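In the numbering used here, the protein residues as written are 194 to 450.
Shown next as structure tokens:
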């Protein structure tokens with residue numbers, strides 16, 4: 194394995210940069226140990242001088258404006274048939290379930306209980322989990338077409354009898370964002386936006402954790418972004434309370450012409 198091979202691997206995995214960096218770290222350690230154990234000459238690690246993707250960059254929060262653009266584009270796609278139906282369906286389902294991408298693309302009909310309006314994933318990232326369906330999720334799943342002989346809710350457009358691949362989903366997501374004129378963000382941004390909406394809805398944190406399937410409050414809060422409008426309103430409430438306590442008078446509003 195040579196440096197161009199490692200660089201090519203990183204380029205191939207560029208659509209999931211966190212996973213790419215993890216794979217790179219493992220490769221680098223493997224080749225370092227190969228040198229230590231005498232399987233490769235010293236200084237021949239092919240990972241040398243291959244850059245990793247920037248770390249620590251926070252996920253962009255999908256704004257209210259971009260949410261409007263995005264869902265209007267999804268409506269247009271469905272009406273005009275601009276994409277295979279699995280792309281808008283996958284996006285809508287990920288928003289509804291605040292789910293990880295892997296939980297959506299691998300979703301099987303066997304896990305969908307329409308009668309009790311619940312989806313049970315037997316083996317997600319954090320083990321088995323169960324989530325209730327919202328009215329919208331129920332509508333999406335109850336009206337979604339089923340391919341005979343294919344167990345998946347989101348069958349791959351290019352690979353018969355297989356589920357939608359992460360690459361197919363990511364590519365479709367990027368096309369939708371671009372057509373909508375929305376700021377680019379990875380599909381993980383859907384989960385961040387959903388978690389933020391859950392947290393800002395006023396429901397208890399424990400209930401929010403059940404909806405996102407986070408095991409700890411710390412992990413749940415990492416997905417919650419602070420939106421400007423609620424913060425501004427909170428600051429105004431605090432300021433008004435302080436004025437009420439101190440007896441300070443508010444300046445008169447400026448006269449308008």
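Note that CB positions come from ideal geometry on N, CA and C, so glycine has one too.
Please read all numbers here as calculations on a predicted model, not as lab measurements.
- Around the beta-carbon of residue 229, fewer than 16 other beta-carbon atoms lie within 10 Å, marking it exposed.
- Taking C-alpha positions only, residue 326 is separated from residue 217 by approximately 38 Å.
- Per DSSP, the unbroken alpha helix (DSSP H) holding residue 298 starts and ends at 294-298.
- Remark: C-beta atoms of residue 276 and residue 379 do not approach each other more closely than 8 Å.
- Note that the C-beta distance between residue 369 and residue 263 is below 8 Å.
- Bridge partners of residue 313 according to DSSP: 323.
- Looking at the DSSP output, residue 306 shares a beta bridge with 311.
- Per DSSP, residue 394 is not a residue of any alpha helix (DSSP H), being assigned neither H nor E.
- Less than 8 Å separates the beta-carbon of residue 294 from that of residue 359.
- When DSSP states are grouped into helix, strand and coil, residue 345 belongs to the strand group.
- Residue burial is scored here from C-beta neighbours: residue 348 has at least 16 other C-beta atoms within 10 angstroms and is therefore classed as buried.
- Buried is the label assigned to residue 282, since at least 16 other Cβ atoms lie within 10 Å of its Cβ.
- Annotation: residue 289 to residue 338 spans about 18 Å, alpha carbon to alpha carbon.
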